[in-house]
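Asker:
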Amino acid sequence: MKKVIVMAIALMASTMTFAKSDAIKLITKSKDYAEAVQLVKQHLNELADNAEKAEAYNHLVELAMNKVSNETGTMTENQMAVQMGTGKVKPYDTLGLANAICDAIENAIECNKYDQLPNAKGKVKPQFEKNAARLWAVRSHLVNIGQEAARKGDNASVLKFWGMFTDSAADPYFAAMDKTPEKEYAGQVAFFAGRYAFDAKDMARANRYFEIAKKDPTQKQDAENFQLYAMRSNLKNHADSLAFVDQLKQMYAAEPENEVIVDAINGMYEGLDKKAQNEFLDQHLAKYPNSFTALANKGLMAVNANNAEEGAMWLRKAAAAKPDNAVVFTYLGACLSVQAANENDAAKSKELYKQAIEAFDKAKELDPNKQVANWGYNRYQAYYGLYGADDPKTKAAEADK
233 MKKVIVMAIA LMASTMTFAK SDAIKLITKS KDYAEAVQLV KQHLNELADN AEKAEAYNHL
293 VELAMNKVSN ETGTMTENQM AVQMGTGKVK PYDTLGLANA ICDAIENAIE CNKYDQLPNA
353 KGKVKPQFEK NAARLWAVRS HLVNIGQEAA RKGDNASVLK FWGMFTDSAA DPYFAAMDKT
413 PEKEYAGQVA FFAGRYAFDA KDMARANRYF EIAKKDPTQK QDAENFQLYA MRSNLKNHAD
473 SLAFVDQLKQ MYAAEPENEV IVDAINGMYE GLDKKAQNEF LDQHLAKYPN SFTALANKGL
533 MAVNANNAEE GAMWLRKAAA AKPDNAVVFT YLGACLSVQA ANENDAAKSK ELYKQAIEAF
593 DKAKELDPNK QVANWGYNRY QAYYGLYGAD DPKTKAAEAD K
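Okay, here's the thing in structure tokens:
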């Protein structure tokens, strides 16, 4: 009798353990993705435990992947048709494929959230981790379809597809996946996802994608420059500007040798506090005396203060630190020309003009079409000051101005 009772209790416990809620039965019965999504939203709190919630979201993954399988299957058939020369190419739903991949990834991540939590027995027994490999295998379609959407001007789709491609790579759910094959282009996708997020006025996403892009050495500078531009564009008042300076200081503390950040801090101080600007540059140069950005900006500060001698001093150092910058050589030449014009000693004046011409000629060599540095007129004036109006060298410089 006792044995019968024990067996009955065991049977009852087994029945209780495996009995599914009406809500999960209703959800998993649905074969339509949109309908199933609504059912999950409506009945999520009625599901028995975390295991059922994971099962519900996994059902959404399966429905989305049905669409993915159908469209990729058609693509494979088309490739075979072309190879076989049958010409029987079928149309397929490109946007539908990308949207389904996004849906599958989004729901798989949500599924995993519950799958990693204790079930009704208090144990963690993940059932759906296998989805990660399936989804990872089709993610690359988001890049190509996003590119096609960009050509068509469908900015919302570009942001959705490239954003999901970038977000999913950073999600812990896909931590075990091999990211090597996409290493060459993932940073670029993140950078452009950030730009599209900025255009959509979604600064939180823009900053997230720029931060990811900055991890790629080939995208780091572009991502930093655009991120800082995006942050500056949102400044509405003096308080915003001060808060932005604080953000820049935090970035500087993490990367004190980052020239982009140094230039950004200098630019903000220029409009807020000249004294603080000068102190910042001096402090930076005390640690990094060959910082091109700091040297060049010290020179430009002197130029703006009409101090040609000091400007030339700093700009010489900047030119030595970065001898391929036409703008610096143009400003250096201008400072030397001003000194030459103001010099009463004829021999010293002549020497300064020679140095100015040397700087201008270097600017011309670096930027012959004046795309970044307008050296033409100032160079002509230096030649005029040294050789006079009628000298062939002056005439040639005049033709270049």
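Residues in the sequence shown are numbered consecutively from 233, following my numbering.
Glycine included, each C-beta is placed from N, C-alpha and C at the ideal position.
Remember, it's a predicted structure, so these values are computed and weren't measured experimentally.
(1) With respect to the alpha helix (DSSP H) encompassing residue 442, which residues constitute its N-terminal and C-terminal limits?
(2) From which residue to which residue does the alpha helix (DSSP H) around residue 279 run?
(3) So residue 406 and residue 364 are in contact, right, with Cβ under 8 Å, and what is the actual spacing, rounded?
(4) For the alpha helix (DSSP H) holding residue 512, just list the boundary residues, first then last.
(5) Using the Cα positions of residue 508 and residue 274, report the straight-line distance between them to the nearest angstrom.
(6) Counting pairs of Cβ atoms below 8 Å between the region 296 to 307 and the region 270 to 287, do you hit three or more?
(7) Given residue 557, which residues of its chain have a CB within under 8 Å of its CB, disregarding the five upstream and five downstream residues?
(8) State yes or no: is the C-beta of residue 612 within less than 8 Å of the C-beta of residue 629?
(9) Output the distance between the C-alpha atoms of residue 351 and residue 288, rounded to the nearest integer angstrom.
(10) Can you list the beta strand (DSSP E) stretches of 3 or more residues lying completely in the region 385 to 417, in chain order?
(11) By Cβ distance, which residues of its chain are closer than 6 Å to residue 632, with the 5 residues on each side in sequence left out?
(12) Between the C-alpha atoms of residue 307 and residue 393, what's the straight-line distance to the nearest angstrom?
(13) Would you give the residue range spanned by the alpha helix (DSSP H) that residue 557 belongs to?
(14) Counting Cβ pairs, one atom from each stretch, are 3 or more of them under 8 Å apart for the region 370 to 387 and the region 312 to 330?
(15) Do three or more CB pairs link the region 425 to 436 to the region 473 to 492 at distances below 8 Å?
(16) Going by beta-carbon coordinates alone, are residue 513 and residue 490 separated by less than 8 Å?
(17) Would you kindly work out how many angstroms separate the C-alpha atoms of residue 301 and residue 458, rounded to a whole number?
(18) Can you tell which of 521, 438, 536 has its C-alpha closest to the C-alpha of residue 465?
(19) Excluding the 5 residues preceding and the 5 following residue 451 in the sequence, name in chain order all residues of the same chain whose CB lies nearer than 8 Å to its CB.
(20) Is it buried or exposed for residue 511, if we count other Cβ within 10 angstroms and need 16 for buried?
(21) Applying the 10 Å Cβ sphere with the 16-neighbour rule, what's the burial state of residue 461?
(22) Does the beta-carbon of residue 342 have 16 or more other beta-carbons within 10 angstroms, so that it is buried, or is it exposed?
(23) Nearest by alpha-carbon distance to residue 290: which of 256, 318, 304 is it?
(24) Going by beta carbon distance, what residues of the same chain come within less than 8 Å of residue 318, once the five residues before and after it are set aside?
(25) Report the rounded CA-to-CA distance for residue 622 versus residue 614, giving the unit in angstroms.
(26) I'd like the span of the alpha helix (DSSP H) that includes residue 354, first residue to last.
Answerer: So, to answer that:
(1) Counting along the chain, the unbroken alpha helix (DSSP H) around residue 442 starts and ends at 435 to 445.
(2) Annotation: residue 279 is outside any alpha helix (DSSP H) and is labelled neither H nor E by DSSP.
(3) Indeed, because the Cβ distance is near 6 Å, the residues count as touching under 8 Å.
(4) 506 to 519 is the span of the alpha helix (DSSP H), which, as asked, contains residue 512.
(5) Between residue 508 and residue 274, the C-alpha separation is close to 57 Å.
(6) The region 270 to 287 and the region 296 to 307 do not touch, with fewer than three beta-carbon pairs separated by less than 8 Å.
(7) Only 524, 528, 550, 551, 598 meet the Cβ criterion.
(8) Cβ distance < 8 Å, so residue 612 and residue 629 count as in contact.
(9) Per the coordinates, the alpha-carbon of residue 351 lies some 14 Å from the alpha-carbon of residue 288.
(10) Counting only runs that start and end inside the region 385 to 417, there is no beta strand (DSSP E) element of at least 3 residues.
(11) The beta carbon of residue 632 is closer than 6 Å to those of 608 in its chain, skipping five residues each way along the sequence.
(12) For residue 307 and residue 393, the gap between their C-alpha atoms comes out near 19 Å.
(13) That residue, residue 557, is in no alpha helix (DSSP H); it is neither H nor E in DSSP.
(14) With contact defined as three or more Cβ pairs closer than 8 Å, the region 370 to 387 and the region 312 to 330 are in contact.
(15) Output reads no: the region 473 to 492 does not touch the region 425 to 436.
(16) No. Outside cutoff.
(17) If you draw a straight line from the Cα of residue 301 to the Cα of residue 458, it is about 38 Å long.
(18) If we check each option's Cα against that of residue 465, 438 comes out closest.
(19) Here the set comprises 419, 420, 422, 423, 445.
(20) Under a 10 Å Cβ-count criterion, residue 511 is classified as exposed, with fewer than 16 other Cβ atoms of the shown protein chains found around its own Cβ.
(21) Per the 10 Å Cβ criterion, exposed.
(22) Buried is the call here.
(23) With distances taken between Cα atoms, residue 290 lies closest to 256.
(24) Within its own chain, no residue has a Cβ closer than 8 Å to the Cβ of residue 318 once the five positions on either side in sequence are excluded.
(25) Roughly 14 Å separates the two Cα atoms.
(26) Premise fails: residue 354 is in no alpha helix (DSSP H) and is neither H nor E.
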